[in-house]
Each structure stands twice: as structure tokens, then as C-alpha cells.
């Protein structure tokens, strides 16, 4: 297929490279052009419009503001050439997805939301879990692309924003797991039990899952730099969760705690560390640090 | 070995039966004597003192009050015959363990704390994870008994109360996982995504662990009766967590939320349901029920 | 003085009327023009631009969106006639105030933030407490206007946004007081003590202040309709508090609780009631309603 | 009247002195006997039994443990001489009051709960607000004593424990006010507004009540030593609130926050400061300290 890829951060570069490997023709664009170079077999283009056309255009832009700026303010939906399908893969606000769907419809571009679970190594290994929602036919069209980037595509019906809601729900659960490990670790340490011993037991038994094993190891070793996913990005995700929850009428007390603890961590200088450092807040509040 | 077993609830009966199967001589006692009958090969005894003797005595009594009443108030540590080792396997307060250790020492009875992770089916299958702390030699002595009941024994050093702290930390993480799934489910439903679909995705990927799969299924199916572990017992465990955390100087905001939500659930008539019904609190507060 | 007044809700109408009474020349504008009629002695004008000129223009518009739409999107700062001072009196986001200050400066219009404490009856009685910040000379210029509307002006220095921060801090404390009365009332009722008896004692002794007496009476009598200030507006204020707190790096756990409880109340159909109905959330969660 | 007074801390001494001034015959007892000396006109006695007799005995003992130890474990209700009325004035658990009422009834001693609002200076000035519950006739009997110690007696019916619930509800509201001021102050400071300026405005307008003025001044001046009422005692009161709330089925999210913040403060070395120092937790978490 003929594909454009916009947004070449660590995730995007790996995903675009996998599309090339799968035999697709890939035009790549990034705001800072250096990132667009060096993806073997992909063609760097100079403007978003040159990427946003063809059989499908995939966006993996940093955040709501970037997506809005490039697609909406950039006028791409009014450009003479437009893609058949826009696959929006970054983590964005539910409200933004709800706003983008109808303006794509008016522009005759199918809009598929397809955010992903997985860190950069999973992206590199084409092992992402992809959460897709949108028109069935459009998803079917881009399925070969999704297959080139992920292990499995999980479909959530025709309303694109639902995929974004699912992605945010998953991130909320993931960050809650980090906080729970953080509080449990401070509790254990407060009783003379090393956090590493506690987490070794729990992440190899009841909680033997990728999230707990991965973040449990970071917490046990206090290995928060370099960040795989930064504290500020984690805080942003919880902000998106809280905003969507309020609109949907859902109190989320755990999310409220996470919000405060992200602020606490950032106010103590940890904004650029891995968001697993959220686990240090309980220790600091206990006077253990 | 010659073993006494006190406390024959669903967990205790299964554990005692496994001791018999492993070839040990087992005297069993329970407050209501019916429960002591029908464990093939075990010998029911009429008084706690007849069970609390021999190579080891294991207690799996309901709660702090039961343990205190039988062992301390019942004067078993002053009885003429006493066991070499007392293995205290129920979930009790850290403070009670701290109180019991020295009075056992004075009585010349080795005190091993060995609470377990696992529901009754794991107890039946001798698949418990056992968290042990206490004198090394005493643990070594009772290791054959622990091996007969569990898959693995995780050791946490010579201070018995540390095993209790670890057990409470694990239960806290487990209940936090239920709450996180509850909030995430209400969030998903508020966006038109069935909780079952969300949990199917997450518990088969990022959260593919026994706790999430098991409780995720209960939540997805809203199957809260009959209870595997009741709401009131869950509330009690969080009470024990909060008490120990306060003594150890550890703020635990997630535990505070769990406490309030247990109260909310019990005040809405769910006290005798499975504690996974904690997940319904977020839905009710969202006006979804 | 020659004054324009934009935004004639219940508060604005009363404030504009007091300016007329104090002898000022007042042009009044409102989006729905009916509200601009019937303020004796004031001159209704048809467009915002006709109001936004003269010695001073006062805005008491509903919210951030209204202010932004009228002043910024409406191009009033580029209009040929502009006021010497713009007194922004509604409760708006700190971030909006920070955004408005420099664009006023570029337009040569002094920008004074002067949000108020007081419900409509206080506005009618010229008994508002006015929280002002901005250029000293500009505040001095409009002081006669502020004196016509309020009992006292409290000044917070040259940075306008600080007045907005103070206003939000006050609203946060006020809503926290409602929540505290709500929880205490549910606690009392749960012990057989009528909430009205509890609040009678406390609001006549330790808490004998306007906020506690006023809202305590509403809570004691469960008198939430008609709303003096609606639940949805209260929720909006807490949203503004949380947003500003995050930017300023301040965890505010009470505000997080208030947020969830506003959502709970709104999801149970109380969005149009007085925000004192926040006090019912604790009672409902306790199964008392 | 012939009165015994047990418990001569700062509050108790002042209260006993006022009984003497009002012309009553007062026997005084304290665990450490020095405190019983030097109350002009009162008669120190050597044992609790010598104080616990006469027309009325008043207890103002430190906490649940002290009251239980002196009255119950001390066997005073089985002593040959017993008072006609026992007025229990310290802040104790609701559950303890519920336990004490029937055992007093069996001993033929009327049991009146009469905890007080007011700090030591109010006690010295006979300006306490007294919250009384118990048998009408018994309260009428001791009314002259209550009048000698307080400004007003607020009655809450025949069940003594209700007075204790009201006292705890009041303390909860008071501590919530401190926390709200603390969070608001950190919010203000985070926006460049001195906490003292914010509190000056609010405690002289909307919140012009004794609690806000008194604690607001301590917070504004960061004057936390010497303590009027210590952090540890505040933490104890919230523990009593949470325990009673759980029994009564009332979720109290604000109380959960207060609990964590007390722990945070104590873990940072502030356990012996005035409990108004709770307000520093928000500042510390914001990185302002």
C-alpha cells in the first residue's frame, strides 16, 4: 500500500520501519526533519500534505496540540489530495477524537482511531497491541498496515473515540498499578522488608504480568533514568483520563490520587524521569527518602 | 510429623487434608466441631490444647480476635504440653504478630508467621504461595508441612511480623487492582464500551496475571455470589493495612479510597458478596446502575 | 465616570444598577438583549464594542469561553475606540488572565482583574468583597466604581492573575466547607444525630461565619432549589482550581475529592441544584437517602 | 455540690479551678500527683476511688486507654462508694461511650457524656461549649457544674454516645478547615500570593469565625510551637472519626485525606507541633518548603 506516516518519535520511527519491512511504500514526515531521515526504505517528505495522502495516512504525533495543529489548523482536510483513510494512532483526548470524526466525514476521509499499547521495544518488534475503532471497511482496508506494526488488533466498533477511551482506561490501570506498587513498597520498607523482595514475590505470582514485571523491576532497582515514558507524559495521560471521565460522569478517585502524585513528583524535580518514579512519592511522604 | 491444626474454614480444611495426604499425623480442632469431622485421616480433638502440641501446631483461625482468644486468653502458651513450633498462617494484624512473638519466646515455642496467597481452590491443589518469616531453624523444621500445602515458600527473614506485612501489602495490591478495574470499567461503560470488552483486552495483554484474569472475569460477568472472599473480609484487610501503615508512618492514599469504597459497598447491602463487587461502586456513583 | 458593563446575569445586573445609583453613566450590553433592558438609568447598547469603551469597561461574562469570545475573538482590543481600563470581574481561569494581560498591554488598555466574593443578594446590597490586582494607577482610577459595588477592595499587587488565583482559592475553601459539613452531617445522622442539630451547634460557635451559616442552613433544611449558584458552576470552579494548581505544581487532595463528588452529584441528576447539594453525596454513599 | 475531678491536664486544671470558683467542693486526682496540687481550694486525693464519688465525678482523662484503665480496669464501678453521676468530658471513641453506658447503668451510676469545644484559654475563661447527652434528670443535676465551666450546654438527647459523635464531627470539621487553608495557601503561594494575604482576606470575610481566625493566624505566621493541641492528638481524633464512621457505614473521603496528611506530617518530624502544622503538608508536597 501507499502510506504516509506523520510523527517520528521513538514509537513512530519503529512503526514506520516495520511498514517498510512489510513491503509498503512509506512517505514519512516529522516536524523536525532530522527524524525523518535514516528510516531505510522510507521517503522523507518536506510537508505534512505530502504525507497526508495515498491509501492511508498514519499519525503518531506527540499530543492533541500537535495533531490539531498539523491536521486541522494545517488545513490538510481541505487539501486537494487526501488519503482514503486516516489512522490516528497516538494517545489523544476522547473529546478531540469526537471532534475529528465528523470533520473527516465531511472531507470524505475515513477516520480510524488506533492507539497502541506497548513501549518502544514492542514497537520495534512489531509486537504492539492495537486498539482500533471506526468504520469496518476502513479498518479492513488498513488491516495489513496494522498487522505490520502489531501482534493483534482489538476492535471496539464504529465510533473512533471509543478506541481512545479504551487506551486511556488501559493507561489509567497501568499507572494505578505503579502507584499500588509504590505504596506497597513504602509499606514494606516501613516494616523492614526491602521493596525488591516484596515485588519479587508478587510479580512472580499473583501479578505475573508484563506491566507488573516491567515496572516492578524499575521500582525495585529505582532505575528511573533514562525514561522509557516520561513523568510529564504520564501526567498528561491522567489529565486526559480525568477530562473524559468528567464528561462521561464517572468519578475516578484513584485517578485523582494519581494526578496529585504526579504533581508532587514533578514539583520535586522528577518530571523528566520515567513515570515509574511515581512510586517514589509514597516513600518520600513516609520520610524514607 | 505430628501436627495439630486449628481453624477449619474453607482454607483450613483443604490445607489440613493436604497434610494428611503427605503422610503427616494430623489432629484437627475447630470452634464449631462439625467442621473438624470428615477430613479423611485426620483426628478431630475436642479442645485447642489437644491440637496445640506435637512437632508443630498450625493456626488458620478466622481473625485477630479468634487467634487471641484461643492462644492467649485460652492459656495455651502456659499449658503443660506445647508444640515445638507454632505456624501462624491466617492473615492477622502486624501488631498482633509483634505481640505474639515475645510471648511465644518466653513459652519456649518457636513462632513462625506463614500467611498464604491463594483462594480455596489453590489451597485444595496445594498450590498456595506461602510467605514465611521467623527463626531459620524453625522454618526448616516445618518446611515439609509448608511443602505439603503450597507451591513455594517465600522467606522474609527472622522477624515473624514481616511476613504479615508482606501478606497485607499483597492484599492491598490485589484490592487496588479490583478498584482500578472497577473505575476503568465505569469509564469504559460511560463511553459506550462494555466493561467485558475492555477487560478481555487488558487481562489478556498487559495485565495477563492470575489476579487480573480471575477478578477481571468476575467483574466482567458481574458474578459476585457466592463469595470466594467476602466484602467484609476485604474491608477488614484494608483496616489492617491502614493500621499498620499508620504505625509505620506511611501515607497510603489508595488504601484510603479502598476503605471508603468498602464502606460504600457495605452500606449498599453488598457486605456478603465477593469483594470483587467493590468494582460496582464506581458504576453506581456514575449513575450507571 | 463613563462606564460600559458587559454581562448582565443576576450578579451583573445588580452590580450595574449600583453603578447607576452611584451617579455613573453606564452603557450595558448582554448577549441576549432582554437582560440589558430594565436597569433603570442604564443605556442598553447593541454591540459589545459600544460597551467596551469610555473610562472603564467592566466584564461580568459567564465564563472563560464567553470572555474569550467577546473580547478576543470579537476583536475588541483592535477596535478604534477602547476603554482606558478593562475591569474583568467574573471568575475565570488563571491561565486566561495570564493570556489576557499582555494582549491588553499591547492594545494600550489597562487590565485589572477584580473578581468578587458574594452571592446575588450581596451584589444587590453593594456588599461584595472585591479582590483586585493590576496596575496601581488603573485600580485607583476605577476605585470609585469598585466602591459603588462592594464593601471593600482587597488588593493583591500588580499581576492581574493573582486576583483570579485568590478568588479560586476562596471558592475552593468555600466548597471544601460544604463538603466537610456534608460528611459531618452523614456521620452525625449515622449516629442518630440530626444534621440540623449538629450544624446548629457548630455554625453558631466554632464556625459562626457567613459561609458556614449560609450553607449550613441550606444543608440542614435540604433546601437546594432554586439554586443560588448551581452545581455545574461549582464543578467548573473546581476544574479551574485543579488546572491552576497543576500548573503551579500544587497537589490538592481535597480538590480532587470535590471534583469526584461534583461528578457523582451531577450523575445523580443534581446538576441544576444549588451546589450546597454536594453535601448529599456523603449521605447517599452511606445509604441514608 | 460535692464533686470529684479526674484528669488534670491543661484543660482539666482550668475546668476544676472554675468549679472551685463557683463554690463547689472539689476533690481532684491525677495519675502524676504533682498536677493535682496547686489548684487553689481543691482537695488533692491519692486514689481515683476517692475522687470517683459524691454528687458527681467528672473525668477529663487523656484518652480511651486512660479512661478504660481508671474506671473499668480500676474497678471504680464496683467500689463501695460511687458518684450519683459520672460526667465523661474528654474526647473518646463512640464505641467506648457505647460500652460504658450499660456498665454504668448496672452500677447505678448515671452516665453523662459531655465533651467540650474550646482550647485551654476557653477552659480558663469558663467559655467552653459543652456537648451533653444522657439522662435528662442526670444532666439537670450536673447543669450547675457545666455552667461553671462553659458558656453554653448543647444537648443531644438521652444516648450518651451521641455527644461523642458530635464532638468528633466538630473536630473533623475543624481539621478539615485547617487542611483547606493549607491547600489554599500552597495554591496561593504557588501563584505568588503570600498565604498571609490570602488568609487575611478570607478569615475577615467569608470565614470570619473563631476556628478560621485562630488557626488561620497560626498558619499565616507558621507559628506551630508550642503546640496548643498536638499533631499526634489530632491524628488520634481522626482515627476515632474513621473508626466510628466505618461502624456507622459512612464513607468520609476528607477524613481519609486528613489521616494521610497527619501521617505525612508526623513522618517529617512534626508530631509534637500544633496540629495546625498539618497545613504545611501541601506546601512541602508542592516543593515550596
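Chains as they are written, first to last, in the working numbering: chain X, 9 to 297; chain H, 9 to 297; chain C, 9 to 297; chain E, 9 to 297. Beta carbons are placed, not taken as given, at the ideal position from N, Cα and C, and that holds for glycine.
**Message:** Judging by CA-CA distance, which residue of 240(C), 79(C), 246(C), 36(C) is the nearest neighbour of residue 112(C)?
**Reply:** Counting from one through the third chain, the residue named residue 112(C) turns up at place 104. Out of 240(C), 79(C), 246(C), 36(C), 79(C) has the C-alpha closest to the C-alpha of residue 112(C).
- Helix, strand or coil: which one does DSSP assign to residue 275(H)? Along the second chain, one-based indexing puts residue 275(H) at 267. In the three-state reduction of the DSSP assignment, residue 275(H) falls in the helix class.
*residue 40(E) burial status per 10 Å Cβ neighbour count (16 or more: buried)*: In the fourth chain, residue 40(E) corresponds to position 32, counting from 1. Answer is exposed; the Cβ neighbour count stays below 16.
Original post:
Which residues in the same chain as residue 43(H) place their Cβ atom closer than 6 Å to its Cβ, once the five residues preceding and following it in sequence are excluded?
Top reply: Along the second chain, read from residue 1 onward, the residue named residue 43(H) stands at position 35. 16.
Report the partner residues of residue 34(X) according to the DSSP bridge assignment.
Taking the first residue of the first chain as 1, we reach residue 34(X) at position 26. 11(X).
Cβ contact check for the stretch 64 to 78 of chain X and the stretch 101 to 109 of chain X: 3 or more pairs under 8 Å: Result yes; three or more Cβ-Cβ pairs closer than 8 Å.
Please compile the residues from chain C whose C-beta is within a distance smaller than 8 Å of the C-beta of residue 258(X).
Within the first chain, the letter at position 250 stands for residue 258(X). For a Cβ distance threshold of 8 Å, residue set 271, 275 of chain C lies close to residue 258(X), ordered along the chain.
I'd like to know if the stretch 186 to 194 of chain H and the stretch 228 to 248 of chain X are in contact, where contact means that at least 3 CB-CB pairs between them fall below 8 Å. Taking 8 Å as the limit for Cβ pairs, the verdict is that the stretch 228 to 248 of chain X does not touch the stretch 186 to 194 of chain H.
Which residue wins for smallest C-alpha separation from residue 38(H), given the options 210(H), 57(H), 180(H), 128(H)?
What you label residue 38(H) is simply residue 30 of the second chain in a count that begins at 1. Of the listed residues, the one whose Cα sits closest to residue 38(H) is 57(H).
- Candidates 143(H), 152(H), 144(H), 203(H), of which the one nearest residue 134(H) by Cα: Taking the first residue of the second chain as 1, we reach residue 134(H) at position 126. Nearest option by C-alpha distance: 152(H).
query = Which first and last residues belong to the alpha helix (DSSP H) in which residue 227(C) is found?
reply = One-based indexing of the third chain puts residue 227(C) at position 219. Here the alpha helix (DSSP H) through residue 227(C) covers 218 to 229.
Discussion item. Does any residue of chain C have a CB that is nearer than 8 Å to the CB of residue 76(X)?
Written reply: For the purposes of this step, residue 76(X) is taken as the residue at position 68 of the first chain. For residue 76(X), the nearest beta carbon of chain C is not closer than 8 Å to its own beta carbon.
Open item on the list: Once DSSP output is grouped into helix, strand and coil, what is the label at residue 172(E)?
Closed with: Translated into positions along the fourth chain, residue 172(E) becomes position 164. DSSP, read as helix, strand or coil, puts residue 172(E) in helix.
Residue nearest to residue 187(E) in terms of C-alpha spacing, selected from 291(E), 35(E), 51(E), 124(E):
By one-based count along the fourth chain, residue 187(E) stands at place 179. For residue 187(E), the closest C-alpha among the options 291(E), 35(E), 51(E), 124(E) is that of 291(E).
Counterpart residues of residue 166(C) in DSSP-defined beta bridges:
As a first step, residue 166(C) is located in the third chain; it is residue number 158 there, counting from the start. Residue 166(C) is not bridged to any residue.
**Request:** Determine the closest residue to residue 167(H) out of 285(H), 108(H), 28(H), with distance taken between C-alpha atoms.
**Result:** In the second chain, the residue the question calls residue 167(H) occupies position 159. Of 285(H), 108(H), 28(H), the residue nearest in Cα terms is 108(H).
Can you give the Cα-Cα distance for residue 241(C) and residue 65(E), rounded to whole angstroms? By one-based count along the third chain, residue 241(C) stands at place 233. By one-based count along the fourth chain, residue 65(E) stands at place 57. When rounded, the distance between both Cα atoms is 53 Å.
Per DSSP, cross-strand counterpart(s) of residue 282(C): Stepping through the third chain from its first residue, residue 282(C) is reached at position 274. Bridge partners of residue 282(C): 238(C).
- Is residue 61(C) buried or exposed, if buried means 16 or more other CB atoms sit within 10 Å of its CB? Counting from one through the third chain, the residue named residue 61(C) turns up at place 53. With 16 or more Cβ atoms within 10 Å of its Cβ, residue 61(C) is classed as buried.
Spatial distance of residue 50(H) from residue 25(H) (CA atoms): Taking the first residue of the second chain as position 1, residue 50(H) is located at position 42. Taking the first residue of the second chain as position 1, residue 25(H) is located at position 17. So the two alpha carbons sit approximately 8 Å from each other.
Review point. How many angstroms separate the CA atom of residue 118(E) from the CA atom of residue 9(E)?
Key: Locating residue 118(E) in the fourth chain gives position 110, counting from the first residue. Locating residue 9(E) in the fourth chain gives position 1, counting from the first residue. Each residue's alpha carbon lies about 16 Å from the other.
query: Hey, residue 94(E) and residue 55(E): beta-carbon distance below 8 Å or not?
result: Numbered from 1 along the fourth chain, position 86 holds the residue referred to as residue 94(E). Numbered from 1 along the fourth chain, position 47 holds the residue referred to as residue 55(E). Between residue 94(E) and residue 55(E), the gap from beta carbon to beta carbon reaches 8 Å or more.
Practice prompt. Check whether the Cβ atoms of residue 140(X) and residue 120(X) sit closer than 8 Å, and answer yes or no.
Written response: If you number the first chain from 1, residue 140(X) lands on position 132. If you number the first chain from 1, residue 120(X) lands on position 112. Yes. Within cutoff.
Exercise. Is there at least one Cβ from chain X nearer than 8 Å to residue 294(E)'s Cβ?
Worked result: The residue you call residue 294(E) lines up with position 286 of the fourth chain. Interface flag for residue 294(E) against chain X is set, since a Cβ pair is found closer than 8 Å.
Problem - Interface flag, residue 125(E) vs chain C, CB-CB below 8 Å - result: The sequence position of residue 125(E) within the fourth chain is 117, counting from 1. Under the Cβ criterion of 8 Å, residue 125(E) is counted among the residues facing chain C.
### Query
In chain order, what residues of the same chain lie with their CB nearer than 7 Å to the CB of residue 137(H), ignoring the 5 residues before and after it?
Here residue 137(H) corresponds to residue number 129 of the second chain, with the count starting at 1. Taken in chain order, the residues that qualify are 124, 125, 126, 158, 159, 160, 162.
message = Run through the DSSP bridge pairs and tell me what residue 139(E) is partnered with.
response = The count along the fourth chain starts at 1 and reaches residue 139(E) at position 131. DSSP output for residue 139(E) lists 162(E) as bridge partner(s).
Original post:
Under 8 Å between the Cβ atoms of residue 128(C) and residue 243(C)?
Top reply: For this step, residue 128(C) is matched to residue 120 along the third chain. For this step, residue 243(C) is matched to residue 235 along the third chain. A distance of 8 Å or more separates the beta carbons of residue 128(C) and residue 243(C).
>> Using beta carbons (cut-off 8 Å, strictly below), is residue 267(C) in contact with chain X?
In response: Within the third chain, numbered from 1, the residue matching residue 267(C) stands at position 259. Yes - at least one Cβ of chain X is within 8 Å of the one on residue 267(C).
_Cα-Cα separation between residue 285(X) and residue 269(X), rounded to whole angstroms_ = The residue you call residue 285(X) lines up with position 277 of the first chain. The residue you call residue 269(X) lines up with position 261 of the first chain. In a straight line, the C-alpha of residue 285(X) is about 10 Å away from that of residue 269(X).
Residues from the stretch 78 to 97 of chain X in contact with chain H, defined by Cβ distance under 8 Å:
Flagged: no residues at all.
Are the C-beta of residue 190(C) and some C-beta of chain X separated by less than 8 Å? Taking the third chain and counting its residues from 1, the one referred to as residue 190(C) is at position 182. No, residue 190(C) does not count as interfacial toward chain X.
Relative to the C-alpha of residue 206(C), which candidate in 175(E), 209(E), 239(E), 197(E) has its C-alpha closest? On the third chain, position 198 is the one that residue 206(C) refers to. For the residues 175(E), 209(E), 239(E), 197(E), the minimum Cα distance to residue 206(C) belongs to 175(E).
Between which two residues does the alpha helix (DSSP H) containing residue 205(H) stretch?
Position 197 of the second chain holds residue 205(H). Where residue 205(H) is concerned, the enclosing alpha helix (DSSP H) stretches over 203 to 211.
Q) Does residue 261(H) get closer than 8 Å to chain X when you measure Cβ to Cβ? A) What you label residue 261(H) is simply residue 253 of the second chain in a count that begins at 1. Flagged as an interface residue toward chain X: residue 261(H), by a C-beta distance shorter than 8 Å.
Check: What is the DSSP secondary structure of residue 52(E), counted as helix, strand or coil?
Finding: Along the fourth chain, one-based indexing puts residue 52(E) at 44. Strand, per DSSP.
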